[in-house]
Each structure stands twice: as structure tokens, then as C-alpha cells.
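Numbering (the numbering used here), first residue to last: 16 to 726.
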């Protein structure tokens, strides 16, 4: 059963009932047919089909996807080129979906070609580049940084509340104890918590929402069920005794409060939303209500200040997204259709304040992400991206430096990551972070907490059932380039943990902006100023070894190649030159065939080699060569001891030296890095011959002296 892709020139061949799928590259000149892969499947094939080109994942350089039909399964097999990001040379114009003519036109004698499309489309525009954050990795930091033995955690905070909050110094966690108690832990004091009772904040009523003052790491503001907002001051060094009296109480709302949000620039300016359907602004310095916004018809799910601090966005259960300019009007200046689902929603500003990102639910109660233009809410969303089915709202965090959006929900084990761009496709999905157990959520710390030497672009605190754990989000880079400051992912960052103006100044019409600082350590050179790397040594393609040559020529070239590669053991492999991805990460992409669910590298690859060896020996027998092997050659490998030693460059037979040289030569002759099965087969056969000889010697040495003499 042949399948051919004219774009790539790849030919897939498989037979009904066989367990082999071969892939060849078809050329118009010699060699006309070059084998690319020899895939051994676990079960017999009943049929094969190619997936349409428009369904391929071009971001990981997938050039072909095959569906294998077996007796019980349909197995996808992906063919990928080991590169990063999108490469136009792999994707010529491909045939589109629009027919060129009707059947009647063809009967009349017309001949027309189907129009081609430039590039491939993966649900969105294809011409956009892949995200540099596509391979971002989340990792829980070492256990030494964890706070453990956390007991009595309150797991049912309101949907509008993030569940807990943290700043660069401490984390506040609600407890399931009467009176709305909150525990405060110092991040500088990790370890196991005592089994005895801890000092807490006694809020006296159930906690509706709470957050740290972004400009004062000791000030915690708590909204309660009693429509009051309490301001607490944490002493230096953390809580040593229970606090019962707040520093200030804000009164004005007539019903329970939904959520509270600090202004991003003005110190002491707080917004609160309530069941009384109002949003109120407070000056914490005076304790006064300074603005009251109206216009909501139902529960207010979320609020967000614009990056410049001028506007306030809200998303509501009445299906509307609204925009307020609080200093000019108490009514919304814009509104438009929001998420259809009524289970909850959150809103955050992205792309320098040009767009609003809303996480919510669709009409089927499935989690969705929506992007709205801040200039035209009435036009509805400009783009959307599906997430999954789950009852909890995705809580978004947006990093304006990288335009990376990180989302997760209470009780989730998955953290979604996207890069948001201001044009199609808008949502560029990156690698997800998965935790082994459900978490209460993530809370992100100031950018100053990130380890830029490890290319850490975001640092979060993860709240588990009994633990508080730091999580680092890193962009993988080649180790030899990590010595440089990665200025392409670390632009100057805003010092948002310092106030730009007072609440009174903002209310009087002033606007402030945060100063910006460089994240570059003084002893690091920017990557943009790094010297250009010397070109990496290229390996000869396997086609060189397929030319017609005498056996002596082949043997001489083979031995020379082996010795040369052993002599250059420290030379970098091609994958080590891929900028943007660490070699450990790229090792996963070097296999040219990835069977989803089972990679064809380990057992299947070994079986493929054995079949190739068996085939070559059968061919030798057909030529009459097998019966004329010298007595010095092994009956198992068909190779003399001297040949095996020359191939692996072994003078003294030791298991360590054999294994070391074998592993190196097998790796550098991998077809994925320019080698060939032919060379690898020689390496494997040489090792087998030396192992056989080593075993014979060991058996001989284990015999008594008289038997050794007889032998």
C-alpha cells in the first residue's frame, strides 16, 4: 500500500498484515529512492492513511502524519524533522480545499489545477512565527524551599477569590477555622511547620477575598462577608502572635464583597466589587470611599486595572464586559458581549493594554479564553481558544515583558501557557506544566525574584493540600549560551512593586508610570553582544556510503571515519547548535519518527537494526560469501576480531573501553544527525564480536590450569 506526499517527496509503503512501515524519499536523480525510516510496529497493519497537510503541527516541524489501522486500534505516527520553530523550506505551497472545476467542466475537456495555499494552517494563521516560549518549562524547586505540614487549609473560598496570595516575602493562606482566620508564612523560613497551633490573623468573619498591597509587603487587605474591608499590618519578621485588631476598617458596601484590586500605580488606591452591584474606589490613607461605579445587572466576576492605570475593566454574570474611566464617569464608557457561560470569569489586560483577555465558559460550560479589543468591546471577541471541561475558572497571570499568559484553576493539575500576540493567530500555545496532585492555585511573585542566570521568566508560589512550593518557569537554552544574559527574553522590566504616585494625585487627574530597570547582572554579557559561534563540523550523509565502491575502499573509508570520530569525541553534535533549546530538551526531537504512545527508538529501533543485519547477511549468503568466511571470523557476526578492534579503535579488550567507544560511535552515526544504518550496523556488529571474544577469554581464564593448557 503506497502513500505519497508530493510536498515533501516522502513515500510510505506498508503491506496488509505486516508489522513494518517503511518511509522513502523519492528523488528525480540518483539515488532515486533513499530510505528515511524503517518503523517496526507492535501489531500488524490492516490499513494506512495520510492525515491532511493542514492538520500538521508545523511548530515542531511535522512534515507527515500517518494513521495506522490495526485489528483494535488506530495509531497516529508522526514524521518530524529535528529542528525548532517554523521552517518555510519544509513547507512549500500545498494544495488547497477549493475544487478547480466541476465534473461537467472536466467532461467538456477543461483542465485546471487546484489552487495552492501558502504554508499550512493549524486552526489559525500559518504565516506567523512560532513562539520562542514554545518549550517553556515549569519546575517545582528543591524541597529545601518548601513549607510543609500545612494543616487546616480552607479549600472552599469564593470563586472570585484566588484562594491565597503571596508577595516576594510572605504568603497568606485562609484556614478552615471559625472567625475567618488567615495564616501568614515567611518565604525566607521554609521547612516543616510544627503540629502546634500557629499565630494567625483573626478576621472575625469569613474571608471573601484578600490581597497584599503591591507597594507594602507588610500590608494585607481582607474583604469579608459582612461587607467590610479590613486592613492588617504584619510586623517585621512575620507573625509571632495572633492579630485581632485591624489597622483600619472600610465601610460603605451594603452587601457581601466579591473581590478587591489595588491600583497598579497609585499607592493606597483600592477597588472593590460587591453583591450590591457596585464597584467602589477607596483611599486607604483616609479610609474614605472616593468613587462609586454602577451599571452592572448581576454578579461581578472579576476586575482589572489597565496597565496605564486609567481604566478599569469588569466581566459580569449578565454576559457583559465593561470598561470604566472612573475619573470621568460612574457609568461604563464601553461595553460588549462577554462569555455566554455563567459559572465564572476573570479578566486581564494584555498586549500593552490593547486587548482584554477573559477566561470564562461557553454556552456548554466548557472553559474558553476570549480576546477583546479594548477599543471596540461592542464588536465582540476577536479570537478565542478552547481549554477543557472543568468546573473551576481559569485564573490568569500575564507577564507584560514576555507577553506570556499562564492560567490554572483551583483543583487543577495542569497549568496552561500561551504567548499572546496582537495579530492572528493571537493565541500561541506553549508547553503545559503538570503537577502530580491537584493544587489550590498559583500566585506569581515580582520579576525581581526570577533567576535570570537560569533563564527563569516567571516565579510562582504553588499552594497544595499540605505544602507551599515555589515553581520556576524557564525558557530552555543551550548550556554554552547560558553564560550570556538572554536579553531577547529579558527586556527592561517595570518596577511595579514601587508606587508611581499617591491616590490623591491620581484622583486629581495625574498619571504616573513605573520606572524600568535592567535584569542583567553586572558580570553577564548580553546574548545580543555574544561572539558568533564557529560553524559546527558536518557529518557525511549516508548517500556517500551508498556509491558503488570496492569492498576494500568501503572498509578503508569506514575505518577512517570511525577513527576520526573517536579522535573528535569532544566535538559538538548538530543538535547542540540549536539556539533556544537545551540539548536535553532537543534529544527528544532527534528521533525522526515518533509513534504517539510509543517512541520508535529503543526496542523497535534495535529490532530494525537486527532485521537490517539479517538482510545483509542473507544477501552475503546469496553471493556465496557466507560459506567462505575465514576461520578467524565469528560465525555470529561474520567479522574478524581484527576488523572489530579497528572499527571500535580497541587495542586492549576491556568491557569499559568497548562500551565507551561503542556508545560514542553509535551516537555520532545516528541517521538523525547525518549518519546511517550502515555505519551503525558495523558499530553494533563490532561490539558483538568483541563481546563474544571477551566472553571466550573470561571462560578460558575461569577454567583450571590443566584445562586451559588443553584448550
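Cβ coordinates follow ideal geometry from the N, Cα and C atoms, glycine included.
Cut-off 7 Å between Cβ atoms - residues of its own chain near residue i, not counting five sequence neighbours on either side
{"i": "residue 192", "result": "167"}
{"i": "residue 507", "result": "531, 532 and 533"}
{"i": "residue 371", "result": "328, 336, 362, 364, 387 and 389"}
{"i": "residue 357", "result": "332"}
{"i": "residue 96", "result": "76, 78 and 105"}
{"i": "residue 478", "result": "178, 179, 188, 454, 455 and 456"}
{"i": "residue 380", "result": "356 and 358"}
{"i": "residue 672", "result": "665"}
Nearest to residue i (by Cα), restricted to the options the options
{"i": "residue 91", "options": "72, 243 and 714", "result": "72"}
{"i": "residue 262", "options": "229, 174 and 236", "result": "236"}
{"i": "residue 254", "options": "425, 306, 61 and 214", "result": "214"}
{"i": "residue 449", "options": "430, 702 and 298", "result": "430"}
{"i": "residue 698", "options": "668, 658, 666 and 711", "result": "658"}
{"i": "residue 463", "options": "147, 416 and 457", "result": "416"}
{"i": "residue 75", "options": "62, 535, 94 and 84", "result": "94"}
{"i": "residue 313", "options": "535, 294 and 119", "result": "294"}
{"i": "residue 425", "options": "447, 395, 473 and 480", "result": "480"}
{"i": "residue 292", "options": "129, 522, 331 and 322", "result": "331"}
{"i": "residue 77", "options": "65, 298, 328 and 88", "result": "65"}
{"i": "residue 300", "options": "379, 311, 290 and 265", "result": "265"}
{"i": "residue 211", "options": "249, 171, 165 and 228", "result": "165"}
{"i": "residue 511", "options": "708, 80, 256 and 282", "result": "282"}
{"i": "residue 325", "options": "367, 186, 676 and 355", "result": "367"}
{"i": "residue 273", "options": "334, 243, 517 and 353", "result": "243"}
{"i": "residue 163", "options": "130, 205 and 129", "result": "205"}
{"i": "residue 316", "options": "359, 663 and 353", "result": "359"}
{"i": "residue 427", "options": "414, 123 and 409", "result": "409"}
{"i": "residue 766", "options": "83, 700, 344 and 374", "result": "Because the chain is modelled from 16 through 726, residue 766 falls outside the range shown and cannot be assessed."}
{"i": "residue 241", "options": "256, 489, 270 and 250", "result": "270"}
{"i": "residue 406", "options": "190, 435, 375 and 400", "result": "375"}
{"i": "residue 250", "options": "288, 199 and 529", "result": "199"}
{"i": "residue 284", "options": "353, 520, 89 and 539", "result": "520"}
{"i": "residue 290", "options": "311, 306, 297 and 304", "result": "311"}
{"i": "residue 414", "options": "308, 461 and 127", "result": "461"}
{"i": "residue 63", "options": "52, 395 and 32", "result": "32"}
{"i": "residue 111", "options": "89, 286, 117 and 128", "result": "128"}
Contacts around residue i, its chain only, beta-carbon distance under 6 Å, and the 5 residues preceding and following it disregarded
{"i": "residue 543", "result": "502"}
{"i": "residue 154", "result": "487"}
{"i": "residue 216", "result": "197, 247 and 258"}
{"i": "residue 219", "result": "194"}
{"i": "residue 377", "result": "355, 356 and 383"}
Bridge partners - residue i, DSSP secondary structure assignment
{"i": "residue 154", "result": "487"}
{"i": "residue 297", "result": "285 and 304"}
{"i": "residue 430", "result": "448"}
{"i": "residue 412", "result": "421"}
{"i": "residue 82", "result": "64 and 91"}
{"i": "residue 185", "result": "201"}
{"i": "residue 277", "result": "285"}
{"i": "residue 224", "result": "238"}
{"i": "residue 247", "result": "235"}
{"i": "residue 207", "result": "163"}
{"i": "residue 400", "result": "384"}
{"i": "residue 19", "result": "26"}
{"i": "residue 216", "result": "197 and 258"}
{"i": "residue 117", "result": "BP columns for residue 117 are empty, so no partner."}
Cβ-based neighbour list, residue i, same chain, cut-off 8 Å, excluding 5 preceding and 5 following
{"i": "residue 184", "result": "201, 202, 203 and 232"}
{"i": "residue 86", "result": "58, 59 and 61"}
{"i": "residue 412", "result": "363, 420, 421, 422, 457, 459, 473 and 475"}
{"i": "residue 19", "result": "25, 26, 27 and 41"}
{"i": "residue 524", "result": "342"}
Chain B contact for residue i (CB, 8 Å cutoff)
{"i": "residue 290", "result": "No chain B is part of this structure, which consists of one protein chain only."}
Jot down the residue ranges of each uninterrupted alpha helix (DSSP H) in the stretch 313-386, minimum 4 residues, whole runs only, in chain order.
Not a single unbroken stretch of the alpha helix (DSSP H) spanning 4 or more residues falls wholly within the stretch 313-386.
Inspect the CB distances between the stretch 356-376 and the stretch 418-438 and report whether three or more fall short of 8 Å.
Between the stretch 356-376 and the stretch 418-438 there are three or more inter-stretch CB-CB distances shorter than 8 Å, so the stretches are counted as touching.
Beta strand (DSSP E) runs contained entirely in the stretch 437-488, provided each spans 3 or more residues:
If we require 3 residues or more, the beta strand (DSSP E) runs fully inside the stretch 437-488 come out as 442-444, 456-459 and 471-478.
Three-pair Cβ contact test at 8 Å for the stretch 384-399 versus the stretch 336-352
At 8 Å Cβ cutoff, the stretches touch.
Given 8 Å as the limit, is there contact between the stretch 462-478 and the stretch 438-447, that is, 3 or more CB pairs closer than that?
Counting C-beta pairs with one atom in each stretch, the stretch 462-478 and the stretch 438-447 have fewer than three that are closer than 8 Å, which means they do not touch.
Counting pairs of beta carbons, one from the stretch 214-224 and one from the stretch 174-187, are three or more of them closer than 8 Å?
Taking a cut-off of 8 Å for Cβ pairs, the stretch 214-224 and the stretch 174-187 touch, as three or more such pairs fall below it.
Which runs of the alpha helix (DSSP H) fall wholly inside the stretch 33-58 and span at least 4 residues, in chain order?
Restricted to the stretch 33-58, not a single alpha helix (DSSP H) segment is unbroken, complete and at least 4 residues in length.
Could I get the ranges of all uninterrupted beta strand (DSSP E) runs contained in the stretch 493-541, with 3 residues as the minimum, in chain order?
Within the stretch 493-541, there are no complete beta strand (DSSP E) runs of at least 3 residues.
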